[in-house]
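Numbering (the working numbering), first residue to last: 49 to 250.
Below: one structure, written as structure tokens.
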């Protein structure tokens, strides 16, 4: 019958896939953003696996007698995970793109899983370079520099397309968020080391 309403299967849009979204974004295709939700539940779902792995590691260290070091490492990891969304949310609010922040944050969290895959490819590349006689230090520098460059590019790409920022503003956000995050994570440890060294010299 021509006037029949479409069935739910016919009227539903294309099904979202986190894996497809990560692959698309990790390879420079901004349409991957459409694969992610923009709700608080979607954000929590994207954050949960990132927190679960270090939490399990910390519990195993505590069970093995890790003590305060296990707790300290977990808190530092938690700070590194939570600082970028908190800081980027404030920047998005100032620059008038807060409405797009949730989807950006969800995509950012899920795309963290692309980093280990890129690291694996870089390790393979380093192995090839080693077999060609390239010094070990050079190979290590290639892996570290390549991983850092890719991570920064991916963060910039997500900020540029996910928040709708200009290239310059996206770069500023990436620099600011990463700088403050590093300070928050490493600052307390460096301060403790400095105070311990000063106390030892007295």
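Just so it is clear, CB atoms sit at the ideal spot from N, CA and C, and this is done for glycine as well.
Here the structure is a predicted model, which means the values were calculated and not measured.
For a test of the three-state rule: what should DSSP assign to residue i, helix, strand or coil?
i	result
residue 121	helix
residue 86	coil
residue 160	coil
residue 75	coil
residue 180	coil
residue 188	helix
residue 212	coil
residue 136	helix
residue 94	helix
residue 63	coil
residue 231	helix
residue 144	coil
Mind checking whether residue i and residue j have CB atoms under 9 angstroms apart?
i	j	result
residue 79	residue 102	no
residue 152	residue 140	yes
residue 74	residue 225	no
residue 173	residue 192	no
residue 106	residue 119	yes
residue 154	residue 90	yes
Note down, in chain order, each residue of its chain lying with its Cβ closer than 6 angstroms to the Cβ of residue i, except the 5 sequence neighbours on either side.
i	result
residue 66	158
residue 156	206
residue 203	222
residue 69	80, 83, 84
Got a sec? Which residues, its chain only, sit under 7 angstroms from residue i by beta carbon, not counting five neighbours each side?
i	result
residue 98	129, 157, 160
residue 212	145, 148
residue 124	233
residue 57	Residue confidence for residue 57 is low, a pLDDT of 41 falling below 50, so the modelled location carries little weight; the figure read from the coordinates is stated next. Closer than 7 angstroms at the Cβ level, and outside the excluded window around residue 57, lies no residue.
residue 113	none
Please determine, among the options, the residue with the shortest C-alpha to C-alpha distance to residue i.
i	options	result
residue 199	164, 175, 176	164
residue 72	228, 209, 93	209
Can you list, in chain order, the residues of its chain with a C-beta nearer than 8 angstroms to that of residue i? Leave out the 5 residues immediately preceding and following it.
i	result
residue 195	163, 166, 167, 170
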